[in-house]
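Numbering-wise, this note's numbering puts 68 at position 74 of the sequence shown, and it's gapless, one number per residue.
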Amino acid sequence: MSMMEIAKIAGVSHVTVSRVINDQPGVSEETAAQIRKIIDDMGYKPRADRRRSQLKQYRTNIMEIAVIVTGEACKQHSSFLQKLYYGVERVCESEGVCSSLLYASTPSRLAMYLEAHQYKGVLLVGEGDCGWVVDAVKDIPAVWLTSHSSTSGGVVLSGNEMIGRIAANYLSSRNLKNLAYICADGKNPSYQYRGEMFVYAAKSGGAEVVEFIDDIGNQLTSGAGIEDLSAIESRLEILVEQYAKSSPRPTGIFVPSDLMTAIVYRLLRKHNIKPGIDVEIISVDNEAPYLAGLYPRPATIDIGPISRGERGVEQLLWQIRHPEQDRGVHVVIEPILVKPEQI
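Below you can see the structure in the form of structure tokens.
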């Protein structure tokens, strides 16, 4: 008889069984009693050496949480992830909490992390279909820090609808009424929300909007797609060519990420279109590595990754300390417009 078999009989995760065996919080009394009864009925005996080691770790009263980056998320957004984790660490330090930054690209990898550590809670960074992640952490307090396909758990996000509205209002303030939305990853949840609100807000303000979107699949966020910038560029090349040939050609463009904006700048110049002169662009993320080489630097929208990390830890600690509360909490970090470089 193993811990995994006990978990299967009880209908819970092995992490929950481990918490009960080691007298750790985060499990309801009813579930804990059920697991203890199964353990007694089956005659299961935890390995003594492992039990002593885990109890010793627990008695130190040092809480450990993890920031788990799933799939290929953030591979091309290292500055975002660095700022996010910086915000996490700021709160962890003040609260006396230890944190780990982990990459889990597969269910087995994530299961290994959770088995090796007695995390009291996790912060999740990922996108697309994250059902396997939700299943793995269903018995652990968890807070999402990015848009994703699941609706469970707490969430701290950047306010993608607000981002779309800010972009539309900015271009409107420049007296631009013929606008475009260019996106090479139409299945990305964050980009979807940003684009939909941009189109809605722009049209509500009397503007015309042409959408240039590649939404043939979520390929840019899985496997080799996101690692290979040439795949992103290939999609954008087609979209920018369509934009360049459009008539009348929009004089304002919203691009939902600085990564794509940097590529769009170069592709526009291939069509003899000068960003900042022939067309006004607004982007998202305020990621210096992508914007530093652009002239003129476009307007961008800062999504507050440091604040997101801070609020995420605060929300996670609240969940850990109030396990009786089963209602999810969604927190939105206000995005801020960063003005463009003047020429």
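Heads up, the beta-carbon is just placed ideally off N, CA and C, and yes, glycines get one too.
Asked: Do the CB positions of residue 235 and residue 265 come within less than 9 angstroms of each other?; Found: yes
Asked: Residue 83: which of 117, 1, 103 sits nearest, CA to CA?; Found: 117
Asked: Go ahead and pull the three-state DSSP assignment for residue 125.; Found: helix
Asked: Taking the straight line between their C-alpha atoms, what separation do you get for residue 260 and residue 208?; Found: 19 angstroms
Asked: Start and end of the beta strand (DSSP E) containing residue 93?; Found: 91 to 98
Asked: Measuring only the C-alpha atoms, how far is residue 13 from residue 166?; Found: 55 angstroms
Asked: Going along the chain, which residues of its own chain have a beta-carbon closer than 7 angstroms to the beta-carbon of residue 132, five neighbours each way excluded?; Found: 7
Asked: So, helix, strand or coil for residue 249, using DSSP?; Found: coil
Asked: For the structure I just gave you, are there three or more beta carbon pairs, one from the segment 19 to 37 and one from the segment 70 to 89, closer than 8 angstroms?; Found: no
Asked: Indicate the three-state DSSP secondary structure (helix, strand or coil) for residue 293 in the structure shown.; Found: strand
Asked: Are the beta-carbon atoms belonging to residue 188 and residue 148 less than 9 angstroms from one another?; Found: no
Asked: Where does residue 191 land, buried or exposed, given buried means 16+ other C-beta within 10 angstroms?; Found: buried
Asked: Report the three-state DSSP secondary structure of residue 139 (helix, strand or coil).; Found: coil
Asked: Considering only the beta carbon of each residue, do residue 205 and residue 245 sit closer than 9 angstroms?; Found: no
Asked: In terms of alpha-carbon separation, which member of 307, 282, 287, 305 lies closest to residue 296?; Found: 282
Asked: Go through its chain and collect everything with a Cβ distance to residue 318's Cβ below 6 angstroms, but skip five positions before and after it.; Found: none
Asked: Starting from residue 307, trace the alpha helix (DSSP H) both ways and give me its first and last residue.; Found: 299 to 315
Asked: Could you tell me which residues DSSP pairs with residue 206 in its beta bridges?; Found: 176
Asked: With distance defined between alpha-carbon atoms, name the residue in 175, 139, 101 nearest to residue 152.; Found: 139
Asked: Check each candidate in 315, 309, 24 and name the one with the smallest Cα separation from residue 326.; Found: 309
Asked: Return the CA-CA distance between residue 285 and residue 127, expressed in angstroms with no decimal places.; Found: 33 angstroms
Asked: If you draw a straight line from the C-alpha of residue 179 to the C-alpha of residue 71, how long is it?; Found: 15 angstroms
Asked: Cβ of residue 113 within 9 angstroms of Cβ of residue 99?; Found: no
Asked: Roughly how many angstroms lie between the CA atoms of residue 331 and residue 61, to the nearest whole one?; Found: 28 angstroms
Asked: Go ahead and pull the three-state DSSP assignment for residue 324.; Found: strand
Asked: Could you check if residue 242 is buried or exposed, using at least 16 other CB atoms within 10 Å of its CB as the buried criterion?; Found: exposed
Asked: Span of the beta strand (DSSP E) holding residue 119?; Found: 115 to 119
Asked: Do residue 299 and residue 75 have their C-beta atoms within less than 9 angstroms of each other?; Found: yes
Asked: Within its chain, find whatever has a CB closer than 8 angstroms to the CB of residue 302; leave out the 5 residues flanking it on each side and keep chain order.; Found: 78, 81, 139, 150, 151, 152, 327
Asked: Please list the terminal residues of the continuous beta strand (DSSP E) segment that includes residue 195.; Found: Premise fails: residue 195 lies in the alpha helix (DSSP H), 183 to 198, not in any beta strand (DSSP E).
Asked: Hey, residue 176 and residue 270 are a contact pair by Cβ (cut 8 angstroms); roughly how many whole angstroms apart?; Found: About 16 angstroms; that fails the 8 angstroms criterion.
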